[in-house]
Amino acid sequence: MNLFRLLGDLSHLASILVLLHKIQTSRSCRGISFKTQALYVAVFVARYLDLFWRYISLYNSAMKVFFIGSSCYILYLMKYRYRPTNDPSIDTFRIEYLLVPCAILSLIFNYNFMPTEILWSFSIFLESVAILPQLFMLQRTGEAEAITTHYLAALGIYRALYIPNWIYRYFTEGVIDPIAVTAGIVQTGLYLDFFYVYFTKVLQGQKFELPA
Amino acid sequence: VDAERPKDEL
Chain X
171 MNLFRLLGDL SHLASILVLL HKIQTSRSCR GISFKTQALY VAVFVARYLD
221 LFWRYISLYN SAMKVFFIGS SCYILYLMKY RYRPTNDPSI DTFRIEYLLV
271 PCAILSLIFN YNFMPTEILW SFSIFLESVA ILPQLFMLQR TGEAEAITTH
321 YLAALGIYRA LYIPNWIYRY FTEGVIDPIA VTAGIVQTGL YLDFFYVYFT
371 KVLQGQKFEL PA
Chain B
803 VDAERPKDEL
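The listed protein sequences correspond, in order, to chains X and B.
Final position of the first sequence in the working numbering is 382; the numbers increase by one with none missing.
Final position of the second sequence in the working numbering is 812; the numbers increase by one with none missing.
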């Protein structure tokens with residue numbers, strides 16, 4: 171474990187807590203893409219099933235359980251408890267355009283042609299693009315509540331921090347994970363436009379608004 | 803350098 175990865179994981183944890191806080195306090199999931207949240211459930215289940223046969227550490231297992239549990243809970247909140255506040259008519263990104271290419275890529279690029287490793291690759295590719303329905307929705311509505319932007323910022327910072335972690339591991343441990351690095355760079359890249367508006371507007375106390 | 807995935811990452 172190094173500081174970059176620890177801070178990255180904590181940022182990921184924080185993002186989910188911020189999202190839960192937003193939903194619970196406003197009693198609404200307005201502005202949140204159900205499709206993105208459903209994709210995260212698929213990502214976590216596909217990747218963290220190794221929970222059942224591979225023990226790394228208590229930290230590792232606890233985080234995996236938390237990510238699977240909290241993402242399913244968020245889906246439940248959106249689909250049942252706060253269903254009237256969820257507006258599917260603005261959540262229109264076609265997720266098959268993400269699922270199919272990710273499935274094909276995971277069959278080509280994996281570290282071992284076996285179901286668990288293919289699922290792992292699939293989850294890495296899918297995670298890198300899972301935010302697109304959410305960003306697409308933001309683009310359509312043109313604005314967002316501050317707390318929603320804090321959620322997105324924490325989520326973006328999480329993968330951004332994994333990049334120095336991989337550089338650090340390359341030099342200290344001599345290992346490189348080309349699949350995760352490539353997908354991680356793509357994933358972080360998708361946030362650049364968002365980060366620009368977030369750091370220049372929201373953190374200066376202005377409203378998150380995209381230019382028309 | 804080995805190309806492999808570190809199994810301890812989340």
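All C-beta atoms, glycine included, are put in the ideal place defined by N, C-alpha and C.
Residues of chain B with a CB under 8 Å from the CB of Pro348/X: which are they? Within chain B, the residues near Pro348/X are Ala805.
Quick one: what does DSSP say Ile346/X is sitting in, helix, strand or coil? Three-state DSSP puts Ile346/X in a strand.
Just grab the DSSP bridge partners of Ala805/B for me. According to DSSP, Ala805/B shares a beta bridge with Ile346/X.
Alpha carbon to alpha carbon, how far is Glu857/B from Arg197/X? There is no way to answer for residue 857/B, as the model of chain B reaches only from 803 to 812.
Rounded to whole angstroms, what's the CA-CA distance from Ala382/X to Tyr332/X? Just pull it up for me. Cα to Cα, Ala382/X sits roughly 33 Å from Tyr332/X.
Select from Ile193/X, Pro348/X and Val356/X the residue whose C-alpha is nearest the C-alpha of Tyr321/X. Of the candidates Ile193/X, Pro348/X and Val356/X, the one whose C-alpha sits nearest the C-alpha of Tyr321/X is Ile193/X.
Between the segment 248–263 of chain X and the segment 323–342 of chain X, do at least 3 Cβ pairs fall closer than 8 Å? No, the segment 248–263 of chain X is not in contact with the segment 323–342 of chain X.
Ala314/X (DSSP reduced to helix, strand or coil): The answer is strand: DSSP assigns Ala314/X an E or B state.
Report yes or no: do three or more beta-carbon pairs, one from the segment 270–280 of chain X and one from the segment 291–301 of chain X, lie closer than 8 Å? Contact between the segment 270–280 of chain X and the segment 291–301 of chain X is present, because at least three Cβ pairs lie under 8 Å.
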